[in-house]
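Residue numbers (the working numbering): 7 to 184.
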Amino acid sequence: VPGLGRSLGFLPKMPRLKMTHLFVWYLIYGHPASWQRRRHGCGLLGGDIDCASFSCPLDAAGDKEPLRSPEVPAQEEELELGEQKVYVDEASWKRHIPPLPDHREFGHGWALVNDLLLCLPLSIFVQIVQVSYKVDNLEDYLRDALRKHTLIRNLPRSVRQQLLYKRRYIFSVMESLQ
7 VPGLGRSLGF LPKMPRLKMT HLFVWYLIYG HPASWQRRRH GCGLLGGDID
57 CASFSCPLDA AGDKEPLRSP EVPAQEEELE LGEQKVYVDE ASWKRHIPPL
107 PDHREFGHGW ALVNDLLLCL PLSIFVQIVQ VSYKVDNLED YLRDALRKHT
157 LIRNLPRSVR QQLLYKRRYI FSVMESLQ
């Protein structure tokens, strides 16, 4: 559908690159959980501190994010708005973004593209990926002040399958990262 991408929020090249940069920078350096890890020496090569004891400030109740069983891939999860974990208590794209996992072979400041894609909220996805085809219920999500920040992996299966059709979005994200 001509013009659909722009009407959903797809940005021109330089603002799109800026948004991609802001998103990646936030995940690597600006996430509240990464502040705690850096403050205590976690995520650095050679750090011998147990980083599992440090969590996001909004996790004060002690409820850690449940670990997935290997049989259930991340794409199979489907969470309602109230079930999604809140990391930043504001109505912005940062609201439901989890901290990046630590990879021992990389030091602080590194991220895998796969980890970035799993943390991508819908509001940023439509800005950096041109959705040029009709997706059922997408406008409903984008009109809602909180639902538009739902992570792509937590969208209903039908919406997620239409958005991620043939994995074309990976090329758009990679183009913005290069």
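Built from N, CA and C at the ideal position, the CB exists for glycine as well.
Between the options, which has its C-alpha nearest residue i's C-alpha?
i      : options                        : result
Gly11  : Val135, Phe177, Tyr147, Arg174 : Val135
Leu152 : Lys172, His102, Phe131         : His102
Arg31  : Ala117, Ser138, Gln90, Met180  : Here residue 31 turns out to be Trp, not Arg, going by the sequence shown. Out of Ala117, Ser138, Gln90, Met180, Ala117 has the C-alpha closest to the C-alpha of Trp31.
Buried or exposed, going by whether 16 or more other CB atoms sit within 10 Å of the CB of residue i?
i      : result
His37  : buried
Ser182 : buried
Phe131 : buried
Gln133 : buried
Arg22  : buried
Tyr93  : buried
Using only the alpha-carbon positions, how far apart do residue i and residue j sit?
i      : j      : result
Pro72  : Phe16  : Note that Pro72 scores 38 on pLDDT, short of 50, meaning its location in the model is unreliable; the coordinates nonetheless yield the value given after this. Whole-angstrom Cα-Cα distance: 33 Å.
Val119 : Gln167 : 20 Å
Asp95  : Cys125 : 17 Å
Pro18  : Met25  : 11 Å
Leu144 : Leu123 : 19 Å
Leu148 : Leu128 : 8 Å
Pro8   : Phe29  : 27 Å
Gln184 : Pro162 : 30 Å
Helix, strand or coil for residue i? Go by DSSP, reduced to three states.
i      : result
Pro21  : helix
Leu144 : helix
Leu157 : strand
Pro127 : strand
Ile176 : helix
Asp121 : helix
Leu73  : Its pLDDT being 35, under 50, Leu73 is placed unreliably by the model, and the measurement read from it follows with that caveat. Looking at Leu73 - three-state DSSP - the assignment turns out to be coil, as it is neither helix nor strand.
Are the CB atoms of residue i and residue j nearer to each other than 8 Å?
i      : j      : result
His27  : Trp99  : no
Leu169 : Ile158 : yes
Val165 : Asp142 : yes
Ser40  : Pro105 : yes
Ile188 : Gly115 : A question about residue 188 goes unanswered here, because the residues of the chain that appear run from 7 up to 184.
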